[in-house]
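Asks:
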Amino acid sequence: MNIAIVGTGYVGLVSGTCFAETGANVVCVDTDDRKIDSLKKGEIPIYEPGLEEMVLRNVKAGRLGFTTSLESCLNDVSIVFTAVGTPPNEDGSADLRYVLDVARTIGKHISRYILVVTKSTVPVGTAKKVKAVIEEELQKRGVEIEFDVASNPEFLKEGNAIKDFMTPDRVVVGVESERAKELMSKLYRPFLLNNFRVIFMDIPSAEMTKYAANSMLATRISFMNDIANLCERVGADVNMVRSGLGSDTRIGRKFLYPGCGYGGSCFPKDVKALIKTAEEHGYEMRVLKMVEAVNESQKDVLFRKLEKYYDGKLEGKTVALWGLAFKPETDDMREAPALVLVDKLQKAGCRIRVYDPAAMKEAQRRFGDSVCYARDMYDAVLDADALLLVTEWKEFRLPAWGVIKKTMNRAVIFDGRNIYDSQELAELGIGYHCIGK
Numbered sequence: 005m006n007i008a009i010v011g012t013g014y015v016g017l018v019s020g021t022c023f024a025e026t027g028a029n030v031v032c033v034d035t036d037d038r039k040i041d042s043l044k045k046g047e048i049p050i051y052e053p054g055l056e057e058m059v060l061r062n063v064k065a066g067r068l069g070f071t072t073s074l075e076s077c078l079n080d081v082s083i084v085f086t087a088v089g090t091p092p093n094e095d096g097s098a099d100l101r102y103v104l105d106v107a108r109t110i111g112k113h114i115s116r117y118i119l120v121v122t123k124s125t126v127p128v129g130t131a132k133k134v135k136a137v138i139e140e141e142l143q144k145r146g147v148e149i150e151f152d153v154a155s156n157p158e159f160l161k162e163g164n165a166i167k168d169f170m171t172p173d174r175v176v177v178g179v180e181s182e183r184a185k186e187l188m189s190k191l192y193r194p195f196l197l198n199n200f201r202v203i204f205m206d207i208p209s210a211e212m213t214k215y216a217a218n219s220m221l222a223t224r225i226s227f228m229n230d231i232a233n234l235c236e237r238v239g240a241d242v243n244m245v246r247s248g249l250g251s252d253t254r255i256g257r258k259f260l261y262p263g264c265g266y267g268g269s270c271f272p273k274d275v276k277a278l279i280k281t282a283e284e285h286g287y288e289m290r291v292l293k294m295v296e297a298v299n300e301s302q303k304d305v306l307f308r309k310l311e312k313y314y315d316g317k318l319e320g321k322t323v324a325l326w327g328l329a330f331k332p333e334t335d336d337m338r339e340a341p342a343l344v345l346v347d348k349l350q351k352a353g354c355r356i357r358v359y360d361p362a363a364m365k366e367a368q369r370r371f372g373d374s375v376c377y378a379r380d381m382y383d384a385v386l387d388a389d390a391l392l393l394v395t396e397w398k399e400f401r402l403p404a405w406g407v408i409k410k411t412m413n414r415a416v417i418f419d420g421r422n423i424y425d426s427q428e429l430a431e432l433g434i435g436y437h438c439i440g441k
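Note that the working numbering has the sequence shown beginning at 5, numbered continuously upward.
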């Protein structure tokens with residue numbers, strides 16, 4: 005099967021590469037000439053474990069290609085996936101200009117039946133807008149060409165995207181015709197052979213499922229952070245509470261870890277977009293509004309603990325940050341707690357030393373010369389008055405505490421992910437502050 009995927013960002017490149025891995029012939033399309041040229045040279049624009057090897061393998065096999073011209077490949081493909089960005093507008097709504105630009109190009113250039121599938125995260129009703137734009141362009145041309153639209157939201161976790169795509173919990177597909185269903189069934193047949201669930205439904209339900217799923221996960225995180233903050237005030241241990249809570253089979257253990265807030269490209273944007281969608285339909289998402297408020301407050305939690313520890317006297321203090329990406333195994337810093345922390349620390353007059361295994365280049369783009377970029381995790385704590393653990397990369401799990409204690413000006417740790425043993429650090433004479441204890 006021949007398919008095109010428009011957009012070579014995180015979703016588009018991973019999806020296109022994985023479809024090629026299952027045997028489809030895929031052309032990835034992007035308007036960015038430099039990005040396409042780099043991909044043709046084998047240079048991958050995003051950090052995702054396992055992706056580079058898979059891209060190179062499928063390019064070599066002739067199943068994966070790259071172009072800047074969607075119109076040039078429309079006659080050769082059966083399905084076009086839209087995987088372009090839908091950044092939030094100032095009011096929280098999703099910006100659909102790029103999605104509709106793709107639809108406009110398709111309407112201007114198709115000459116035979118095609119299935120147009122939205123993989124970008126879009127509000128309910130977007131498929132109708134895509135269909136209307138294509139029909140409008142066909143009317144301008146004075147031609148009648150059959151086409152279908154469908155929704156196939158992605159559920160990829162950054163840092164684990166290849167596994168998520170190749171062995172999915174479920175594949176959600178929204179269709180409105182048997183022809184579209186047959187095409188999508190054919191494309192996903194390799195997954196059906198392995199007994200993975202492909203769930204067909206109507207298009208509005210598929211569009212809503214993506215937002216509902218991310219909003220539920222965000223809700224669990226903010227709920228647990230609220231519980232953790234209360235635990236500190238009443239003398240409870242959130243780790244024990246989490247263990248007791250997660251053992252309830254109706255609840256489960258996933259996404260019940262307290263921390264310094266969620267970030268990334270999905271949860272913040274999708275929560276805002278769902279709140280906005282509700283407002284446009286005369287309904288208030290009261291729970292989600294508080295989920296968002298709790299999360300924004302939680303991004304300050306390490307700063308508040310540090311400020312309290314030093315009685316508000318932070319000017320001139322050297323603070324080390326371990327981790328800048330919003331989660332491990334990615335270089336993505338969108339909406340990352342580290343962004344809030346750096347801003348707060350700078351306003352308080354701190355000197356900041358940072359280290360992240362993957363996000364240093366992105367950090368330099370965002371922070372410029374306002375922070376010191378360490379060579380490694382130990383260089384970061386040189387003469388530091390405090391260490392803030394922000395992202396729980398594996399290499400941070402078992403540090404040489406003896407070296408750190410000697411290197412730091414004052415050995416005190418603020419653990420934003422609760423990964424360290426408080427008793428062990430107490431025995432070593434290292435101050436330790438975590439969340440929810």
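Even glycine gets a Cβ: it sits at the ideal position worked out from N, Cα and C.
(1) Touching or not, the region 242-261 and the region 203-218, by the rule of three or more beta carbon pairs under 8 Å?
(2) Comparing alpha-carbon positions, which option in A24, V30 and T12 lies nearest D37?
(3) Taking the alpha-carbon positions, what's the E75 to M5 distance?
(4) Considering just the uninterrupted stretch of the alpha helix (DSSP H) at W326, what are its terminal residues?
(5) Using a Cβ-Cβ cut-off of 8 Å (strictly less than) and excluding sequence neighbours within five positions of D274, which residues of its own chain qualify?
(6) Identify the residues that DSSP records as bridge partners of R355: which are they?
(7) Using CA coordinates, which residue listed in G327, E284, T334 and L345 is at the minimum distance from V305?
(8) Measure the C-alpha to C-alpha separation of S115 and E25 and round it to an integer number of angstroms.
(9) Is L119 helix, strand or coil by DSSP?
(10) Look at the Cβ atom of E150, then the Cβ atom of R108, and state whether they are nearer than 8 Å.
(11) Count the C-beta pairs between the region 319-332 and the region 351-369 that are closer than 8 Å, then say yes if the count reaches three, no if not.
(12) Along the chain, where does the alpha helix (DSSP H) containing I231 start, and where does it finish?
(13) Near V407, which residues of its chain fall below 7 Å by C-beta distance, leaving aside the five closest residues on each side in sequence?
(14) Short of 6 Å in beta carbon distance, which residues of its chain neighbour R246, apart from the five on each side in sequence? Order them along the chain.
(15) Going residue by residue through the region 343-413, where are the continuous alpha helix (DSSP H) segments of at least 4 residues, counting only ones entirely within it?
(16) Do you know offhand how far P49's Cα is from T90's?
(17) Please look up how many angstroms separate the CB atoms of A87 and V15, rounded, as I've assumed it's under 8 Å.
(18) Taking the DSSP output, what are the residues bridged to C32?
(19) Following the continuous beta strand (DSSP E) through F85, name the residue where it begins and the one where it ends.
(20) Could you tell me whether the Cβ atoms of G420 and L402 are closer together than 8 Å?
(21) Output the distance between the C-alpha atoms of A98 and P157, rounded to the nearest integer angstrom.
(22) K44: which of D387, F371, Y266 and R61 sits nearest, CA to CA?
(23) Would you call L432 buried or exposed, if buried means 16 or more other Cβ atoms sit within 10 Å of its Cβ?
(24) Go through its chain and collect everything with a Cβ distance to G456's Cβ below 6 Å, but skip five positions before and after it.
(25) DSSP has P92 in a bridge; who is on the other side?
(26) Would you mind reading off the limits of the alpha helix (DSSP H) that contains V442?
(27) Give the DSSP bridge partners of I203, in chain order.
(28) Using DSSP with H/G/I as helix, E/B as strand and the rest coil, what is S426?
(29) Might you give, ordered along the chain, the residues of its own chain that have their beta carbon closer than 6 Å to the beta carbon of I166, omitting 5 neighbours on each side?
(30) Applying the criterion that 16 or more other CB atoms from any shown protein chain within 10 Å of the CB defines a buried residue, is S19 buried or exposed?
(31) Between P92 and the rest of its own chain, which residues show a CB-CB distance below 6 Å, the 5 nearest in sequence each way excluded?
(32) According to DSSP, is V153 helix, strand or coil?
(33) In this structure, what does DSSP give as the bridge partners for H437?
(34) Can you say whether M412 is buried or exposed, counting buried as having 16 or more other CB atoms within 10 angstroms of its CB?
(35) Using the Cα positions of I110 and L100, report the straight-line distance between them to the nearest angstrom.
(36) Can you name, in chain order, every residue of its own chain whose Cβ lies under 7 Å from the Cβ of S374, other than the five neighbours on each side?
Replies: Well, looking at it:
(1) With the cut-off at 8 Å, the region 242-261 and the region 203-218 do not touch.
(2) If we check each option's Cα against that of D37, T12 comes out closest.
(3) Taking the straight line from one Cα to the other gives about 18 Å.
(4) Premise fails: W326 lies in the beta strand (DSSP E), T322 to W326, not in any alpha helix (DSSP H).
(5) These residues qualify, in order along the chain: T125, K214, Y215, N218, S219 and A222.
(6) R355 pairs with T322.
(7) Scanning G327, E284, T334 and L345 for the CA closest to the CA of V305 turns up L345.
(8) S115 and E25: Cα-Cα distance of roughly 28 Å.
(9) If DSSP states are grouped into helix, strand and coil, L119 belongs with the strands.
(10) Their beta carbons are not under 8 Å apart, which means E150 does not touch R108 by this criterion.
(11) Touching, per the Cβ criterion.
(12) That run of the alpha helix (DSSP H) goes I207 to V238.
(13) The beta carbon of V407 sits closer than 7 Å to the beta carbons of Y382 from its chain, once the five residues preceding and following it are set aside; these are given in chain order.
(14) Taken in chain order, the residues that qualify are L260.
(15) Contiguous alpha helix (DSSP H) elements confined to the region 343-413 occur at 364-371, 381-384 and 405-411, taking only those with 4 or more residues.
(16) In a straight line, the C-alpha of P49 is about 19 Å away from that of T90.
(17) About 5 Å separates the Cβ atoms of A87 and V15, confirming a contact at the 8 Å cut-off.
(18) For C32, the pairing in a beta bridge is given by DSSP as I9 and F70.
(19) F85 -> beta strand (DSSP E) spans I83 to T86.
(20) Going by C-beta atoms, G420 is not nearer than 8 Å to L402.
(21) Taking the Cα positions, A98 is about 15 Å away from P157.
(22) Of D387, F371, Y266 and R61, the smallest CA-CA separation from K44 is found for R61.
(23) With fewer than 16 other Cβ atoms inside 10 Å of its own Cβ, L432 counts as exposed.
(24) Because the chain in this structure spans residues 5 to 441, residue 456 falls outside the shown range and cannot be described.
(25) In the DSSP secondary-structure assignment, P92 is bridged to A98.
(26) The chain is shown from 5 up to 441; residue 442 falls before or after that span and cannot be answered.
(27) Answer is V176.
(28) Looking at S426 - three-state DSSP - the assignment turns out to be helix.
(29) Same-chain partners within the cutoff: G54.
(30) When all chains shown are included, S19 counts as buried.
(31) Only K273 and K276 meet the Cβ criterion.
(32) Residue state, collapsed to three classes: strand.
(33) Bridge partners of H437: F418.
(34) Classification for M412: buried.
(35) In this structure, the CA atom of I110 is about 16 Å from the CA atom of L100.
(36) Q350.
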